[in-house]
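Here the structure is laid out as structure tokens; the discussion comes afterwards.
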Amino acid sequence: MSSILVFGASGQLGQCLAHVAQERNIPGIVFPPEAQANILDVSGLQALFAEHKPAYCINCAAYTAVDKAEDELDLARKINRDGVENLARLCGEHGTTLIQISTDFVFAGTGNTPLVETDAAEPISVYGLTKLEGEQVILAHTRQFFILRTSWLYSEYANNFVKTMLRLGQDRDELRVIWDQTGTPCYAIDLAGCILTIIESQSQQYGIYHYSNEGVTSWYDFATAIFELSGTPVKTVPIRTAEYPTKATRPAYSVMDKTKAKTQLGIAIPHWRESLAVCIKALS
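Quick note on our numbering: the sequence shown kicks off at 456 and runs consecutively.
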């Protein structure tokens, strides 16, 4: 297999990709250090593509500080749009397949039925807007791409909701958690597995796909399950979004329909509680 270049290798999904690639013994996957793999450094990117001649480029690099982005539009746009455009242009020139990670935040989240890939993208935050712009620049530069929109990402690696809840649960008897935002958690190990399955199968079913775990939940129910599965004696109290104001507005309903990924890519997707149990066990 020709080489696979991973950008954003030190982040949560990058670390999960390294873990799953090692488990599956996948050859030729390269995790360059961020000093050499800055997606805003065009000459550095050109050197990497010339050296490795990648068949696949996986972009996990992103500006993901959702609230901070409201005050840092230019920086978020540089990383989430301009950096992606740099990669898309090089992928187009080299015949490299680009796998880009996007987000449920491209949707307004005002509906109540699972979102399909063709539903209107109407972001309500700077983060969502810049991630959508990243999707759009890919379409302008290459046809060989997979855009995977995901949601509520967590794992054993980096900072995420599961690890935060477990940490807070050590110090508190009670936690107030939002119950009126509905979506689906995604175990980043499962997402990494999906990405590597696409590569191993050499699929050419290019396009935009939704990927998270199966099922539907709220942040409150997610937190309750975390404490239940980890045996942490914490009482969870449901609160409304209005009781926990944030700089950026979140989608109220961002459950994504994964039918396309399952049928066109042949991806098997576990239920979110099943994957959460796996993660909790790994963390303990």
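All C-beta atoms in this analysis are idealised placements derived from N, C-alpha and C, irrespective of residue type, glycine included.
Classification of residue i by the beta-carbon crowding that lies within 10 angstroms, buried from 16 upward
i: P700; result: exposed
i: N614; result: exposed
i: T714; result: exposed
i: D526; result: exposed
i: D645; result: buried
i: C471; result: buried
i: P488; result: exposed
i: S739; result: exposed
i: K586; result: buried
i: Q467; result: buried
i: R536; result: buried
i: Q719; result: exposed
i: L731; result: buried
Host beta strand (DSSP E) of residue i (start-end)
i: C512; result: Y511 to N514
i: L460; result: I459 to F462
Strand pairing of residue i, partner residues [DSSP]
i: T558; result: T605
i: Y664; result: L603
i: T672; result: G638
i: T552; result: Y511
i: L570; result: M711
Span of the alpha helix (DSSP H), counted from its first residue to its last, around residue i
i: V475; result: Q467 to R479
i: V581; result: V581 to H596
beta-carbon residue i near the ligand ATP non-hydrogen atom, thresh 7 Å
i: E548; result: Summarising the ligand content, the structure contains no ligands, and the ligand ATP is consequently not present.
Complete runs of the alpha helix (DSSP H) confined to the segment 600 to 646 [at least 4 residues]: 616 to 624
Segment contact, 8 Å Cβ cut-off, at least three pairs: the segment 621 to 630 with the segment 661 to 671: no
The segment 685 to 698 / the segment 560 to 579 touching (three or more Cβ pairs under 8 Å): no
Beta strand (DSSP E) runs wholly inside the segment 685 to 728, at least 3 long, in chain order: 690 to 694
Sufficient close CB pairs (3 or more, under 8 Å) joining the segment 587 to 594 to the segment 642 to 662: no
Minimum length 3: unbroken beta strand (DSSP E) runs contained in the segment 480 to 544: Within the segment 480 to 544, the complete beta strand (DSSP E) runs of at least 3 residues are 511 to 514.
The segment 675 to 687 in contact with the segment 498 to 515 per 3-pair CB rule at 8 Å: no
The segment 475 to 495 in contact with the segment 544 to 558 per 3-pair CB rule at 8 Å: With fewer than three CB-CB distances shorter than 8 Å, the segment 475 to 495 does not count as touching the segment 544 to 558.
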